[in-house]
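Only one structure is covered here, and it is reproduced in the block below.
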Amino acid sequence: GGDSAPASDKVEGSQLFIGNLSWDTTWQELKEHFNTVGDVQYSNVAVGRDGRKKGFGFIRFATAEEASTAIEKMNGVEFMGRPLEVRLDNKA
Numbered sequence: 073g074g075d076s077a078p079a080s081d082k083v084e085g086s087q088l089f090i091g092n093l094s095w096d097t098t099w100q101e102l103k104e105h106f107n108t109v110g111d112v113q114y115s116n117v118a119v120g121r122d123g124r125k126k127g128f129g130f131i132r133f134a135t136a137e138e139a140s141t142a143i144e145k146m147n148g149v150e151f152m153g154r155p156l157e158v159r160l161d162n163k164a
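Letter by letter, the sequence shown follows residues 73 to 164 in our numbering.
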């Protein structure tokens, strides 16, 4: 179908778990990095209660196709000095 889902509805398979992030990575930097492969709708870097980053985050694309392209192109590729772990977010 050619219908586009409303922005509030996540598309199945469009959200990624991003692991092994540098402690310095911000959600903005993560978003910019993943915007090179698709239309990033949401970017988040996990932060603990103590305010420290946890070294992982999440990216949500407009489509599942973009998400799978990101896995192919970004998984294991270095970003800010560390090879990223990029996979589908099973909890999304």
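All C-beta atoms, glycine included, are put in the ideal place defined by N, C-alpha and C.
Can you give me the Cβ contacts of V158 inside the same chain, cut-off strictly under 7 Å, excluding the 5 residues immediately before and after it?
L88, I90, A142, I143, M146 and N147
Could you compute how far the alpha carbon of D111 sits from the alpha carbon of T98?
18 Å
query = Excluding the five sequence neighbours on either side, which residues of its own chain have a C-beta within less than 8 Å of the C-beta of E138, listed in chain order?
reply = S86, V109, G110 and D111
I'd like to know whether the C-beta atoms of G123 and L93 end up nearer to each other than 8 Å. no
What residues are listed by DSSP as bridge partners for K125?
V119
Worksheet entry | Boundaries (first-last residue) of the beta strand (DSSP E) holding E144 | Element bounds for E144: not the beta strand (DSSP E) but the alpha helix (DSSP H), A136 to M146.
Return the bridge partner residues of L165 from the DSSP annotation. The chain is shown from 73 up to 164; residue 165 falls before or after that span and cannot be answered.
Checklist line | Rounded separation between K125 and N116 - CA only | finding: 11 Å
R121, buried or exposed, once every other Cβ within 10 Å from all chains shown has been counted against 16 | exposed
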